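Trainee: For the sequence shown, my numbering gives the first residue as 1053, with consecutive numbering after it. In this text, a Cβ means the ideal position worked out from N, Cα and C, and glycines have one as well. Treat the numbers as computed from the prediction; the structure is a model and nothing was measured. Right, I'll just put the structure down here and ask away after.
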Amino acid sequence: MISKIFVFLGLAFVVYGCNGPLSGPLITNPSFSFQFSPPLGWTFTTNTTYPGQQSSSTFAQQRMNNDVTAGILLAAQKLGINTMGWRWTLNGYSPTTPINVVDSTNTTGALPGTYVPGLGAVLQLRGGAAGAITYTDYILDLTIRVTSNNGAYFQSQWQSFADQVFSILSIQYNVKFRSAVTIS
1053 MISKIFVFLG LAFVVYGCNG PLSGPLITNP SFSFQFSPPL GWTFTTNTTY
1103 PGQQSSSTFA QQRMNNDVTA GILLAAQKLG INTMGWRWTL NGYSPTTPIN
1153 VVDSTNTTGA LPGTYVPGLG AVLQLRGGAA GAITYTDYIL DLTIRVTSNN
1203 GAYFQSQWQS FADQVFSILS IQYNVKFRSA VTIS
């Protein structure tokens, strides 16, 4: 009887773990898609750089890759997931177009076509004409595809992983998420 109770408790721990019950389909190579406003470090300009902005497309791309890699590895470490044999690719946003970031309080440089910073990210694009400036949220798309050769995980496990990655990207690297994360 005692051994049956221990087996039951052991199974309950495996099924529920610390992230709730395992649910959804098994997924081997998930893609995480979302909309976001990029941190200043993922952008560049050919003019005078804004604090935190990169001086070239190459540096901005490298910063983006490094931040995403750090987010993935830190999340996996926190959840006790082995990333041996994992690879990830980024699709969607790539910092190929220079953007001119100007503080919204700076009225002399706040011209249409410039971007509004906030909270360490690029939040809006100024449009319209001088004197009648409009603002549009600066929202981009990104998909992170993880390729793993060490087994499949339930969708709920990937969701816990995604929650950790995106929490890290948001708090430590100033990514401003504008949508929920879709896992496929």
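#1: Are the region 1142–1158 and the region 1217–1225 touching by the rule of at least three beta carbon pairs closer than 8 Å?
#2: Taking 8 Å as the threshold, find out whether the region 1176–1187 comes into contact with the region 1095–1102 through three or more Cβ pairs.
#3: Using a 10 Å radius around the Cβ and a threshold of 16 neighbouring Cβ atoms, would you call I1223 buried or exposed?
#4: Given A1162, which residues of its chain have a CB within under 6 Å of its CB, disregarding the five upstream and five downstream residues?
#5: Taking the alpha carbon of I1196 as the reference point, which residue from T1121, Q1114, P1073 and P1103 has its own alpha carbon closest?
#6: Could you give the DSSP three-state label for W1210: helix, strand or coil?
#7: Hey, would you say V1227 sits closer than 8 Å to P1091, going by beta carbons?
#8: Quick one: grab the DSSP three-state call for Y1225.
#9: Between the Cα of L1131 and the Cα atoms of R1230, I1235, W1210 and D1119, which residue gives the shortest distance?
#10: Using the rule of at least 16 other Cβ atoms within 10 Å of the residue's Cβ for burial, across every protein chain shown, is P1147 buried or exposed?
#11: Let me know the secondary structure DSSP gives S1236 once reduced to three states.
#12: Would you mind listing the alpha helix (DSSP H) stretches within the region 1084–1172 that are 4+ residues and don't spill past its ends, in chain order?
#13: Based on the DSSP output, what are the partners of R1197 in its beta bridges?
#14: Could you check the C-alpha separation between W1138 and L1171 for me, to the nearest Å?
Mentor: In short, the structure shows the following:
#1: no
#2: no
#3: In the sequence shown, counting from the first residue as 1, residue 1223 sits at position 171. So I1223 counts as exposed.
#4: Here residue 1162 refers to the residue found at position 110 of the sequence shown. Taken in chain order, the residues that qualify are V1154.
#5: Position 144 of the sequence shown, counted from the first residue, corresponds to residue 1196. Cα-wise, what sits closest to I1196 is T1121.
#6: Along the sequence shown, one-based indexing puts residue 1210 at 158. If DSSP states are grouped into helix, strand and coil, W1210 belongs with the helices.
#7: Counting from 1 along the sequence shown, the entry for residue 1227 is found at position 175. Counting from 1 along the sequence shown, the entry for residue 1091 is found at position 39. Their beta carbons are under 8 Å apart, which means V1227 touches P1091 by this criterion.
#8: Numbered from 1 along the sequence shown, position 173 holds the residue referred to as residue 1225. It is helical.
#9: As a working note, residue 1131 is residue 79 in the sequence shown. Among R1230, I1235, W1210 and D1119, the Cα nearest to that of L1131 belongs to W1210.
#10: Counting from one through the sequence shown, the residue named residue 1147 turns up at place 95. Buried: at least 16 other Cβ atoms inside 10 Å.
#11: Locating residue 1236 in the sequence shown gives position 184, where the first residue counts as 1. In the structure shown, S1236 sits in coil (DSSP, three-state: anything other than H, G, I, E or B).
#12: 1109–1131
#13: For the purposes of this step, residue 1197 is identified with residue 145 of the sequence shown, where counting begins at 1. According to DSSP, R1197 bridges with S1083 and T1141.
#14: By one-based count along the sequence shown, residue 1138 stands at place 86. By one-based count along the sequence shown, residue 1171 stands at place 119. Near 32 Å, if we compare the C-alpha coordinates of L1171 and W1138.
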